[in-house]
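*Asks:* Residue numbers (our numbering): 39 to 289. Quick reminder that beta carbons are idealized off the backbone N, C-alpha and C, glycines included. Bear in mind the structure is a predicted one, so any value in this text is a computation, not a measurement.
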Ligand code: PGA
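(1) Should the region 90-101 be regarded as contacting the region 116-128, the criterion being three or more beta carbon pairs within less than 8 Å?
(2) Measure from the alpha carbon of residue 267 to the alpha carbon of each residue in 229, 49 and 91, then state which is nearest.
(3) Tell me the residue span of the alpha helix (DSSP H) that contains residue 75.
(4) Could you tell me the distance, in whole angstroms, from the CA atom of residue 286 to the CA atom of residue 277?
(5) Kindly indicate which three-state DSSP category residue 197 falls into: helix, strand or coil?
(6) Please return the same chain residues whose Cβ sits closer than 8 Å to the Cβ of residue 181, not counting the five positions on each side in sequence.
(7) Thinking C-beta only, is residue 41 closer than 8 Å to residue 74?
(8) Beta-carbon within less than 8 Å of residue 261's beta-carbon, same chain only, minus the 5 sequence neighbours each way: which residues are those?
(9) Among residues of its own chain, excluding the 5 on either side of residue 259, which ones have a beta-carbon nearer than 6 Å to its beta-carbon?
(10) According to the Cβ coordinates, are residue 352 and residue 52 closer than 8 Å?
(11) Which of the three DSSP states is assigned to residue 98 in this structure?
(12) Is residue 247 buried or exposed, if buried means 16 or more other CB atoms sit within 10 Å of its CB?
(13) Classify residue 264 as buried or exposed, calling it buried when 16 or more other Cβ atoms lie within 10 Å of its own Cβ.
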């Protein structure tokens with residue numbers, strides 16, 4: 039089984055000062071919690087300060103997005119090398135807000151996955167269905183397509199760097215968590231799809247996180263599911279105490 043990972047996606051919710059304070063709280067509280075990979079994903083502008091705040095601890099830093107080109111005329115964008123330089127280890131790619139609010143298509147997400155790995159970052163590739171797709175019975179077809187296209191031309195060796203996050207769009211920021219059984223069903227399907235693409239051993243070792251209204255009250259039950267290897271936490275990661283309680287549940 040892969041080590042579980044709890045990542046906090048702070049989205050556009052922390053100023054620099056708030057990000058540093060939150061990171062210092064997690065760093066101090068995480069000291070006594072072993073056996074879980076902890077990743078903080080602040081807004082780009084706070085990455086460097088957060089990386090400094092957690093330096094020397096086991097807490098890692100991730101970005102919420104990046105561009106697929108390495109350099110050039112891409113106003114407002116950030117490259118993998120820039121993220122590495124300020125202390126990032128991970129990068130979230132294909133988050134549902136990027137897909138649905140900013141129109142990121144599979145081809146772009148796939149380019150980002152390749153660019154992140156070539157740039158030495160570990161991608162957390164998000165997949166997940168919309169409510170209408172779930173209700174129409176399309177969940178598996180949607181997830182399968184997102185995995186096939188998002189991971190297009192990503193070979194076995196590169197795939198070892200990738201974490202998958204299952205984030206049903208209807209559960210993100212809504213307070214409506216997937217029932218543990220619902221999450222497990224999709225996670226098992228993701229593992230089966232990875233097995234088809236990469237073989238059994240890689241599928242078994244791949245880390246599949248759940249995200250969508252995870253909180254201290256539901257974390258343990260979600261993490262008990264055999265194919266849930268961690269959580270990607272939005273709202274509840276903005277309170278240090280809640281985030282650490284979730285990390286504790288994953289340990
Ligand atoms: P949430 O966000 O925990 O606030 O639902 C999760 C995410 O978007 O990664």
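*Replies:* So, from the listed chains and residues:
(1) yes
(2) For the purposes of this step, residue 267 is identified with residue 229 of the chain shown, where counting begins at 1. Residue 267 has its Cα closest to that of 229, out of 229, 49 and 91.
(3) Here residue 75 refers to the residue found at position 37 of the chain shown. No alpha helix (DSSP H) holds residue 75; the beta strand (DSSP E) holding it covers 74-79.
(4) Counting from 1 along the chain shown, the entry for residue 286 is found at position 248. Counting from 1 along the chain shown, the entry for residue 277 is found at position 239. Cα to Cα, residue 286 sits roughly 14 Å from residue 277.
(5) Within the chain shown, the letter at position 159 stands for residue 197. Reduced to three states, the DSSP call for residue 197 is helix.
(6) Indexing the chain shown from 1 puts residue 181 at position 143. The residues are 165, 166, 167, 204, 224, 227, 228 and 231.
(7) On the chain shown, position 36 is the one that residue 74 refers to. On the chain shown, position 3 is the one that residue 41 refers to. In this structure, residue 41 lies closer than 8 Å to residue 74 by Cβ.
(8) In the chain shown, residue 261 corresponds to position 223, counting from 1. These residues qualify, in order along the chain: 42, 268, 269, 287 and 288.
(9) Reading the chain shown from its first residue, position 221 is the one you call residue 259. Around residue 259: 218.
(10) Look at the range of the chain in this structure, 39 to 289, and you will see that residue 352 is not part of it.
(11) Counting from 1 along the chain shown, the entry for residue 98 is found at position 60. Strand, per DSSP.
(12) Translated into the one-based positions of the chain shown, residue 247 becomes position 209. Residue 247 comes out buried.
(13) Residue 264 sits at position 226 when you count from the first residue of the chain shown. By the neighbour-count rule (16 or more Cβ atoms within 10 Å), residue 264 is not buried but exposed.
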